[in-house]
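Here's the structure, in structure tokens; my notes come after.
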Amino acid sequence: MEWVKRNQITVGATVVVLVAAYVFYGINSNVATSMFSGAWFFAVPLVLGALTGVVGERSGVVNIGIEGQMLVAAFAAFFSASASGSLVVGVLVGMLAGIVMGAFLALTTVKGLMDQIIAGVVINIVATGLTSFFYRPGKVLSANMPQWNVPILSNIPLIGDVFFQSGPIALFALVSVPVVHFALFRTRWGLRTRSIGEYPSAADTAGIDVIRMRLVNVTIGGIFAGAAGAYLSMEATGGFERGMTAGRGFLALAILIFGGWRPLRVFAAALFFGFTNALASQLQGVVNIPQQFITLLPYLLTLVVLAVAAGRVRAPGAVGQPFVKGEGS
4 MEWVKRNQIT VGATVVVLVA AYVFYGINSN VATSMFSGAW FFAVPLVLGA LTGVVGERSG
64 VVNIGIEGQM LVAAFAAFFS ASASGSLVVG VLVGMLAGIV MGAFLALTTV KGLMDQIIAG
124 VVINIVATGL TSFFYRPGKV LSANMPQWNV PILSNIPLIG DVFFQSGPIA LFALVSVPVV
184 HFALFRTRWG LRTRSIGEYP SAADTAGIDV IRMRLVNVTI GGIFAGAAGA YLSMEATGGF
244 ERGMTAGRGF LALAILIFGG WRPLRVFAAA LFFGFTNALA SQLQGVVNIP QQFITLLPYL
304 LTLVVLAVAA GRVRAPGAVG QPFVKGEGS
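Each residue of the sequence shown is one higher than the last, beginning at 4 in this note's numbering.
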């Protein structure tokens, strides 16, 4: 009850959205299920990419290299799965690739004190170059990613069809949101993470190893970007193409800001982006909408969202600021 009182607006908005969704479902269940499934399909990599940003930026490290992390992970996941004949190997290698790219960002910015924006740009450029150079067409997966039905939950009308009849990576994204939220706001790790992202010098005085925590958090946060890449190449499309992330990493950054660096709000923002994309696709069959407009819509929304969010949300106080032990921050 105390949590509900503190989050009355969020709870109220959630109730309104759920009521509207089920009214829509009652009017036309097939169209509603199709649209919301499409929204979640589009939102999964955005949720995972934004969680990478949440963990990193709550620790004080800006990560604009999410796009590159996702692209390398998509490449590594697909071609390792193709070579080994194992989907499990592909997913694990994709996540490992995300961790490696996260470790590169952490080492260069936290240890090497490299400008965080430049480090992210380097990741994006290197990822594009490497995946384009080593790309070989004609590779196929030995099997399709399975679809799992979660017992009991998958039988819930609409919600069950959309969220609980999905592939393993989509379910991982769904579970990760409340887990990261709980860890960030209800555990000692979360308290320390938020403290090194807000007041690293005070955290250092309190005995927290700021450099070590930033290194670990930014590296481990790469798991989510790796999962997003694996989802794109193995669960969403079943193939790899050059530049297949198509700006989703940058959309994840916009969602991160719009969601106020909070996992549950980030999840809602990603679904909003996904739903607008699904709505545009649905309208294409009714109204003569050029395909280019549908492709452009998420990026137009990004500009609108950033304009609206500017000045309304506050980033972690020390995000983007390097930390040197013994110096004020």
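A virtual CB, placed ideally from N, CA and C, is assigned to each residue, including glycine.
Going straight from the alpha carbon of residue i to that of residue j, what length do you get?
i, j, result
"residue 62", "residue 291", "46 Å"
"residue 123", "residue 34", "40 Å"
"residue 28", "residue 161", "7 Å"
"residue 107", "residue 80", "19 Å"
"residue 302", "residue 254", "7 Å"
"residue 251", "residue 154", "31 Å"
"residue 49", "residue 132", "23 Å"
"residue 19", "residue 227", "30 Å"
"residue 311", "residue 100", "34 Å"
"residue 24", "residue 275", "13 Å"
"residue 286", "residue 38", "11 Å"
"residue 243", "residue 118", "31 Å"
"residue 86", "residue 207", "46 Å"
"residue 239", "residue 126", "24 Å"
"residue 22", "residue 141", "46 Å"
"residue 146", "residue 317", "45 Å"
"residue 187", "residue 293", "42 Å"
"residue 158", "residue 47", "21 Å"
"residue 64", "residue 296", "34 Å"
"residue 163", "residue 144", "28 Å"
"residue 91", "residue 52", "20 Å"
"residue 17", "residue 139", "45 Å"
"residue 114", "residue 26", "53 Å"
"residue 88", "residue 98", "17 Å"
"residue 225", "residue 189", "22 Å"
"residue 319", "residue 209", "19 Å"
Between residue i and the rest of its own chain, which residues show a CB-CB distance below 7 Å, the 5 nearest in sequence each way excluded?
i, result
"residue 150", "168, 169 and 170"
"residue 135", "245"
"residue 192", "186"
"residue 96", "79, 80 and 83"
"residue 384", "No statement about residue 384 is possible, as the shown extent of the chain runs from 4 to 332 and does not include it."
"residue 156", "163 and 167"
"residue 300", "279, 280 and 283"
Excluding the five sequence neighbours on either side, which residues of its own chain have a C-beta within less than 8 Å of the C-beta of residue i, listed in chain order?
i, result
"residue 332", "With a pLDDT of only 45 at residue 332, under the threshold of 50, the placement of this residue in the model should not be trusted, and no figure is reported."
"residue 94", "80, 84, 171, 172, 230, 233 and 237"
"residue 211", "195, 198 and 199"
"residue 183", "54, 57, 58 and 266"
"residue 152", "167 and 168"
"residue 314", "none"
"residue 36", "28, 161, 164 and 165"
DSSP beta-bridge partners for residue i?
i, result
"residue 287", "Residue 287 pairs with nothing; no bridge assigned."
"residue 152", "168"
Are the CB atoms of residue i and residue j nearer to each other than 9 Å?
i, j, result
"residue 235", "residue 73", "yes"
"residue 271", "residue 45", "no"
"residue 70", "residue 248", "yes"
"residue 223", "residue 102", "yes"
"residue 308", "residue 273", "no"
"residue 148", "residue 263", "no"
"residue 306", "residue 218", "no"
"residue 78", "residue 175", "no"
"residue 180", "residue 269", "yes"
"residue 221", "residue 298", "no"
"residue 67", "residue 30", "no"
"residue 178", "residue 328", "no"
Give me, in chain order, the residues of the same chain whose beta-carbon lies closer than 6 Å to that of residue i; leave out the 5 immediate sequence neighbours on both sides.
i, result
"residue 40", "165"
"residue 116", "325"
"residue 215", "none"
"residue 278", "42"
"residue 75", "100, 104 and 130"
"residue 32", "none"
Just checking: is the beta-carbon of residue i within a distance shorter than 9 Å of some beta-carbon in chain B?
i, result
"residue 137", "The structure shown has no chain B; it contains just one protein chain."
Which ranges does the alpha helix (DSSP H) cover as unbroken runs of at least 4 residues, wholly within the segment 44 to 118, from first to last along the chain? 69 to 87 and 90 to 109
So within the segment 170 to 258, which uninterrupted beta strand (DSSP E) runs reach at least 3 residues, ignoring any that extend past its ends? none
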